[in-house]
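In our numbering, the protein residues as written are 12 to 315.
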């Protein structure tokens, strides 16, 4: 089946979904779009069909992709608004949102009742990865279902099959645990160095060549130094992911102290009005706790 003969329904044309739609259109796919805020589909209206409901978007699609904010939204769109109920026999539903592994398994059961396949395929790489089609795609599902949608994934990034349904979401939780904890570590390290009198930019440059080097230090360390917290991945989304990590840990009988501590930091960040800053903005909460601004001589009055 050629790209032009494969009809994809794409639900969720936001910060991530928009550039993903662009890449699928450029790869020659035939798309039907739906978004809660319909105007976000306007820029694609000459190249794709825009549906007025999830059910209408899904009805004729060979592959259905959701890229929505959280599990509650996915469940509302695909269950309460009839998305899964409209799947045709033989279709494959691919959820690229970050949701609870248990929800992925539940949606797979519902899709199976319609004679459709299911793949949970959350991504890492942020808006830059979405724009450049370099997303890391973590797929859970049968080998057959993943093989059917792999050409679509290749237009968006690199796919790795993790295991059965739900495994993709577990891999994403592992990713977000590492990301969140490492952002916390970079924040603390740069603030420690700066308050001792070192140049945080020079510290970052030196550390990049050593064992502490990482993408978080490279990209988010620079964001912290530049104080550029325009959201690529908003802090409220990182908090949502950390909550899911802790929920899954409790379900597995695990205690994850580092994830818990970072969760508390993001909770404070958002309580102080920074829900929409980039997740690298965790530095702001650390500064708030210490009454300082990194790289300056300014001391902020501590509260309490």
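Every residue gets a Cβ at the ideal spot worked out from N, C-alpha and C, and that includes glycine.
Just so you know, these numbers come straight off a predicted model, no measurement behind them.
Item	Value
CA-to-CA distance, residue 111 to residue 81, given in whole angstroms	9 Å
Below-8 Å beta-carbon distance, residue 204 vs any chain D residue	Absent from the structure is chain D; it holds one protein chain and no more.
Residue 183 vs residue 109 beta-carbon contact at 8 Å	yes
Start and end residues, beta strand (DSSP E) containing residue 146	146-151
Collapsed DSSP secondary structure at residue 284 in the structure displayed	coil
Alpha helix (DSSP H) segment containing residue 138, residue limits	137-143
Where the alpha helix (DSSP H) containing residue 9 begins and where it ends	Absent from the model: residue 9. The displayed extent of the chain is 12 to 315, so no value can be given.
Per-residue DSSP class, three states only, for residue 278	helix
For residue 76 and residue 96, the rounded distance between their alpha carbons	15 Å
Residue(s) in a DSSP beta bridge with residue 41	18
Counted within 10 angstroms of its Cβ, other Cβ atoms place residue 275 as buried (16 or more) or exposed	exposed
Spatial distance of residue 178 from residue 83 (CA atoms)	19 Å
Residues sharing a beta bridge with residue 76, DSSP	21 and 105
Buried versus exposed, by CB contacts within 10 Å (16 or more), residue 239	exposed
C-beta atoms of residue 127 and residue 103 nearer than 8 Å	yes
Contact between the segment 115-125 and the segment 260-272 (3+ Cβ pairs under 8 Å)	no
Beta-ladder partner(s) of residue 266, from DSSP	Partner(s): none; residue 266 has no beta bridge.
Residue nearest to residue 175 in terms of C-alpha spacing, selected from 215, 70, 61 and 130	130
Residue 279 vs residue 296 beta-carbon contact at 8 Å	yes
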